[in-house]
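Take a look at the structure set out below.
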Amino acid sequence: MIPLGNETTSYQAAAQNRHEAFSLPNTQQFLLHSEAKERPYRILVATPTQEAPPLGFPVIYLLDANALFGTIVEAMRVQGRRSEKTGVYPAIIVGIGYPTDEPFDDSRYYDFTMPTSDEVLQTLPVRNKDHVWPKLGGAEDFRAFIEQELKPRIERDYPIDRNAQALFGHSLGGLFVLQTLLTKPHSFQSYVAGSPSIHWNKELLRQQEEQFPSLLQQNTSKIGLLITVGELEGSHPSGMNSNAREFYDRFSLLSKEELHVVYHEFEGEGHVSVLPALVSRMLRFVLRR
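Mapping to the UniProt record's numbering: the sequence shown position 164 is 164, numbers consecutive.
This is how it looks when you write it as structure tokens:
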């Protein structure tokens, strides 16, 4: 029966007062267990509304998805409407997060770092002298999870282009991105390291750099590397900006036929405030045509 008179007013009032959960369009999530960990990973996936091209969509694998997935999805959705002007083209976004509603989880310390000596830990800046670090040193296990468990699942369920894959991480995630580039450069075609925490494994990175040129020559496609920092991070006691700049300076000397490397410092931005600007720059870099 169609409501009339006061019934219509009551119906409209009830609809206006009803609150419903909101979700980002064209996104899904699922839990994926790893053989190396007891807790599962929370995987979030955003897909374009367009029909997939013959080779499939580019795919961006995102670390710290609890904190960054929504930002990237909305940036893609808004900027992708005018790709010819923004340089942001349709892609699938795969966020790797944790089963929590918090933006960050202590598991990231284990997943994003190589084994770290007590001597190095004593040099890391902390908020108080009694600080106790979470478990560290699981980067190899995490890399194996991405390659052997996550990627096959994504390739099975979504139309992706295996020759257009990117890895994006910030802070400790940026460190993991650089370690992956140095040890397994063939895993992705684009790498984005935002404010990388090079000071955690600086000596190890320098050792891995020695073998990188020979690994790079074995790669069949050109690799893109974007390194960014925020201007205000220059005062951080870790030397984050100088470490990132030195890394870029060394890598910019490598073959430009095999490696396209870009460095950018965001004016007036700090370690956290830099994230929205970094996301936009990352999308344009990864999806450039």
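Glycine included, each C-beta is placed from N, C-alpha and C at the ideal position. Fair warning: this is a prediction, and the values are worked out from it, not measured in the lab.
When secondary structure is reduced to three states using DSSP, H170 falls in the strand class. For L216, same chain residues with a beta-carbon under 8 Å away, outside a window of 5 residues either side, are P185, I223, L254, S255, E258 and L259 in chain order. DSSP places F30 in no alpha helix (DSSP H) but in the uninterrupted beta strand (DSSP E) bounded by T27 to L32. Straight-line spacing of the CA atoms in Y248 and L55 works out to 32 Å. Cβ contact annotation for P103 (same chain, cutoff 7 Å, sequence separation greater than five): N66 and A67, in chain order. The count of Cβ pairs closer than 8 Å, one atom from the region 236 to 245 and one from the region 277 to 285, stays below three, leaving the stretches out of contact. DSSP places L254 in the coil class of the three-state scheme, outside both helix and strand.
It is roughly 22 Å from the alpha-carbon of L44 to the alpha-carbon of E140.
Between F285 and E231, the gap from beta carbon to beta carbon reaches 9 Å or more.
Taking C-beta separations shorter than 7 Å and ignoring five residues to either side along the sequence, the partners of S187 in its chain run E147 and T180, following chain order. Around the Cβ of D105, a 10 Å sphere holds 16 or more other Cβ atoms; the residue is buried.
Considering only G95, A52, A244 and F142, the residue with the shortest C-alpha distance to A46 is G95. Burial is judged here by how many other beta carbons sit within 10 angstroms of a residue's own beta carbon; G97 has at least 16 and is buried. By alpha-carbon distance to T27, the top candidate from E20, Q79, K37 and F69 is F69.
Linking P58 to K202 through their CA atoms gives a straight-line distance of about 31 Å. Assigned with DSSP and collapsed to three states, H131 falls in coil, not helix or strand. For G70, the enclosing alpha helix (DSSP H) begins and ends at A65 to Q79. A distance below 7 Å between beta-carbons, with the five flanking residues on each side excluded, links T49 to the following residues of its chain, in chain order: N26. Separation of the CB atoms of R288 and H264 is rounded to 14 Å, and the pair is thereby denied contact status at 8 Å.
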